[in-house]
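>
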Amino acid sequence: MVNIQTWEGGSYAYWPAFNVDGKYLYGTAGIYLGNYAVLPIDLSTNTPGNAIPIMGYNSTNYGQSLAGG
Amino acid sequence: MNVPWTDGLDLHLSVIDTFSGSKTFNTILRTFDAGINDQNYNLFVDLMTASPDGKFAYVWYDDYDYNNTGRDVYFLGIFNLTTGAFTSISADSLGVFSYQYQVYVTPDSKSLLLATYSGYRAGIRVFNLSNPTHPKRVTDLTPIPVPGRGFPYVFNYQVVEGQLYAIDSSGIAVVFNFDSQKGDFRERGYSIFQGSNAYYGGLAFSPDGLYMYGTDYLHDQVSVFDTSKLAVGKSSLITNIRAPYYPYGITVSPAAPPSRQRMSPRDTQSPLRRTNMTPRGIASE
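Chains as they are written, first to last, in our numbering: chain A, 1 to 69; chain B, 1001 to 1285.
If you want it as structure tokens, here you go:
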């Protein structure tokens, strides 16, 4: 089991989703100053990659917020 | 990868390239706009799923009707992921509960399942998606009462290998047949798998349907169940996997499972020996 630290200033990483080949794991989160981002994790190294900023916000909490390969 | 978001005024869906070999990997390829234009900025995104065929995204959202009814109205929004066209249907029109735990599309992309709730009874409404933007009601599934527990609150469900597994978060599994061709949705049975004060959040299955994984978030663990025993009331719990902290959402990796040669001798003594899979490659939040 591996626990991966979230990004500095990051809050919760919500419902996770794998990409199509299972090499990356993605989550969504509210991050610093209330911005919203998709957070990729490289599962070959178990390290987080650069957050992908999303405009606006996502109000999902414990629900599905990412889908598709 | 599809991600819904809002600026309060409109609903949007961004498509991210998650193919690791692509030059545009981890960048937003396009963003679709629903065109709702709520001048009161009261739009909220609640849930989303994409049809497994990748053609449509189904978004559960709500919009507070500040000017007229004063109600917070919930909707199913449907994005055509090819054209970006958007269609919206209210929860009232669909006859389903406003507060959905999930929006579920079956693996064949032919059926949509949404929760109903009336008179303290929860159920599942099955819609046909022959026209993906106009779900047509097929039937309602209501579990029979469980002695000592009453009607299960089945707000979490998935279809795997022709079976519909519906979970009450307090630890009841109800199993239905799910054959939309024959119209066979009979309840096969139920089981109670609750541990002490256990409540289950997320739900996932191994690709072969033999194992169910549930997040027992109050005990920081993922429970693994034998699905063949869920309908017959026998002890279905195989093991618990420690998963700090407060695991809730869960998903199973699409990557190939580890080979049987990599399994430990202990694994071969468990029901897991029936498959090459071990409960690896799962992720919880």
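Backbone N, C-alpha and C fix where the C-beta goes; we use that ideal spot for every residue, glycine too.
1) Determine the DSSP secondary structure at residue 55/A, reduced to helix, strand or coil.
2) Interface residues of chain B around residue 28/A at Cβ under 8 Å?
3) Which of helix, strand or coil does DSSP assign to residue 1261/B?
4) How would you label residue 1007/B, buried or exposed, when you count the other beta carbons within 10 angstroms and need 16 or more for buried?
5) By alpha-carbon positions, which one of 15/A, 16/A and 22/A ends up nearest to residue 43/A?
6) Which bits of chain A does residue 1020/B rub up against, with CB to CB less than 8 Å?
7) Just the chain A side, please: which residues come within less than 9 Å of residue 1212/B by C-beta, in chain order?
8) Keeping to the same chain, check which residues put their C-beta closer than 8 Å to that of residue 1209/B; ignore five residues upstream and five downstream.
9) Give the range of the alpha helix (DSSP H) segment to which residue 1255/B is assigned.
10) Going by DSSP, what residues sit across from residue 1075/B in a beta bridge?
11) If you measure from the beta carbon of residue 37/A to each beta carbon in chain B, is any gap under 7 Å?
12) State the DSSP-derived secondary structure class of residue 1228/B, mapped to helix, strand or coil.
13) Hey, could you find the ends of the beta strand (DSSP E) residue 1169/B is sitting in?
14) Taking all protein chains shown into account, do 16 or more other C-beta atoms lie within 10 angstroms of the C-beta of residue 1125/B, making it buried, or fewer, making it exposed?
15) Whole angstroms are fine: how far does the CA of residue 1238/B sit from the CA of residue 1261/B?
16) Does residue 1147/B pass the burial test, meaning 16 or more other C-beta atoms within 10 Å, or should it be called exposed?
17) Taking the C-alpha atoms as reference points, what is the distance between residue 1189/B and residue 1172/B?
18) Does the segment 1049–1069 of chain B come close enough to the segment 1030–1040 of chain B that 3 or more CB-CB pairs lie under 8 Å?
19) Taking 7 Å as the threshold (beta carbon to beta carbon), is residue 48/A in contact with chain B?
20) Could you list which residues in chain A have their beta carbon closer than 9 Å to that of residue 1254/B, in chain order?
21) How would you label residue 55/A, buried or exposed, when you count the other beta carbons within 10 angstroms and need 16 or more for buried?
22) Looking only at its chain, what residues have a beta carbon closer than 7 Å to the beta carbon of residue 1158/B, apart from the 5 residues adjacent to it on each side?
23) Alpha carbon to alpha carbon, how far is residue 1114/B from residue 1256/B?
24) Given a cut-off of 7 Å on the beta-carbon distance, is the pair residue 1017/B and residue 1009/B in contact?
25) If you check the beta carbons only, do residue 66/A and residue 26/A fall under 7 Å apart?
26) Please classify residue 1134/B: is it buried, with 16 or more other beta-carbons within 10 angstroms of its beta-carbon, or exposed?
27) Where do the N-terminal and C-terminal ends of the beta strand (DSSP E) with residue 39/A fall, by residue?
28) Return no unless some Cβ of chain A is closer than 7 Å to the Cβ of residue 1215/B.
29) Is any beta-carbon of chain A found at less than 7 Å from that of residue 1026/B?
30) For the beta strand (DSSP E) containing residue 1053/B, list its first residue and its last residue.
Let's see:
1) Residue 55/A sits at position 55 when you count from the first residue of the first sequence. Three-state result, residue 55/A: coil.
2) By 1-based counting over the first sequence, the position of residue 28/A is 28. Result: 1003.
3) Within the second sequence, numbered from 1, the residue matching residue 1261/B stands at position 261. Residue confidence for residue 1261/B is low, a pLDDT of 42 falling below 50, so the modelled location carries little weight; the figure read from the coordinates is stated next. Residue state, collapsed to three classes: helix.
4) Position 7 of the second sequence, counted from the start, is the residue given in the question as residue 1007/B. When all chains shown are included, residue 1007/B counts as exposed.
5) Counted from its first residue, the first sequence places residue 43/A at position 43. Among 15/A, 16/A and 22/A, the Cα nearest to that of residue 43/A is on 22/A.
6) Taking the second sequence and counting its residues from 1, the one referred to as residue 1020/B is at position 20. Residues of chain A passing the Cβ test: 19, 21, 23 and 24.
7) Locating residue 1212/B in the second sequence gives position 212, where the first residue counts as 1. Those within 9 Å of residue 1212/B in chain A number zero; the least Cβ separation is about 17 Å.
8) The residue labelled residue 1209/B in the question sits at position 209 within the second sequence. For residue 1209/B, where only same-chain residues beyond five positions count, the Cβ hits under 8 Å are 1160, 1161, 1163 and 1227.
9) Against the second sequence, residue 1255/B aligns to sequence position 255. No alpha helix (DSSP H) holds residue 1255/B; DSSP gives it neither H nor E.
10) As a first step, residue 1075/B is located in the second sequence; it is residue number 75 there, counting from the start. Residue 1075/B is bridged to 1061/B and 1090/B.
11) Taking the first residue of the first sequence as 1, we reach residue 37/A at position 37. It does not: the Cβ of residue 37/A has no partner Cβ on chain B nearer than 7 Å.
12) In the second sequence, residue 1228/B corresponds to position 228, counting from 1. Looking at residue 1228/B - three-state DSSP - the assignment turns out to be helix.
13) Here residue 1169/B refers to the residue found at position 169 of the second sequence. Premise fails: residue 1169/B is in no beta strand (DSSP E) and is neither H nor E.
14) Indexing the second sequence from 1 puts residue 1125/B at position 125. By the 10 Å Cβ count, residue 1125/B comes out buried.
15) For the purposes of this step, residue 1261/B is taken as the residue at position 261 of the second sequence. For the purposes of this step, residue 1238/B is taken as the residue at position 238 of the second sequence. Any answer about residue 1261/B is weak, because its pLDDT of 42 lies below 50 and its placement is not dependable; what the coordinates show is given next. Cα to Cα, the separation comes out at about 21 Å.
16) Here residue 1147/B refers to the residue found at position 147 of the second sequence. So residue 1147/B counts as exposed.
17) As a first step, residue 1189/B is located in the second sequence; it is residue number 189 there, counting from the start. As a first step, residue 1172/B is located in the second sequence; it is residue number 172 there, counting from the start. Rounded to whole angstroms, residue 1189/B to residue 1172/B spans 11 Å at the Cα level.
18) yes
19) Taking the first sequence and counting its residues from 1, one reaches residue 48/A at position 48. Output row for residue 48/A: interface = no.
20) On the second sequence, position 254 is the one that residue 1254/B refers to. In chain order: 18, 19, 20, 21, 22 and 69.
21) Here residue 55/A corresponds to residue number 55 of the first sequence, with the count starting at 1. Residue 55/A is exposed by the Cβ-count criterion.
22) The residue you call residue 1158/B lines up with position 158 of the second sequence. Closer than 7 Å at Cβ, skipping near neighbours: 1104, 1165, 1203 and 1205.
23) Within the second sequence, the letter at position 114 stands for residue 1114/B. Within the second sequence, the letter at position 256 stands for residue 1256/B. Cα to Cα, residue 1114/B sits roughly 31 Å from residue 1256/B.
24) The residue labelled residue 1017/B in the question sits at position 17 within the second sequence. The residue labelled residue 1009/B in the question sits at position 9 within the second sequence. Their beta carbons are not under 7 Å apart, which means residue 1017/B does not touch residue 1009/B by this criterion.
25) In the first sequence, counting from the first residue as 1, residue 66/A sits at position 66. In the first sequence, counting from the first residue as 1, residue 26/A sits at position 26. Their beta carbons are under 7 Å apart, which means residue 66/A touches residue 26/A by this criterion.
26) For the purposes of this step, residue 1134/B is taken as residue 134 along the second sequence, with counting starting at 1. With fewer than 16 other Cβ atoms within 10 Å, it is exposed.
27) Position 39 of the first sequence, counting from 1, holds the residue named residue 39/A. 36–42 is the extent of the beta strand (DSSP E) around residue 39/A.
28) Numbered from its first residue, the second sequence carries residue 1215/B at position 215. No, its Cβ sits nowhere closer than 7 Å to a Cβ of chain A.
29) Here residue 1026/B is taken as the residue at index 26 of the second sequence, counted from 1. Judged by the 7 Å Cβ criterion, residue 1026/B is in contact with chain A.
30) Taking the second sequence and counting its residues from 1, the one referred to as residue 1053/B is at position 53. First-last for residue 1053/B: undefined, no H or E at that position.
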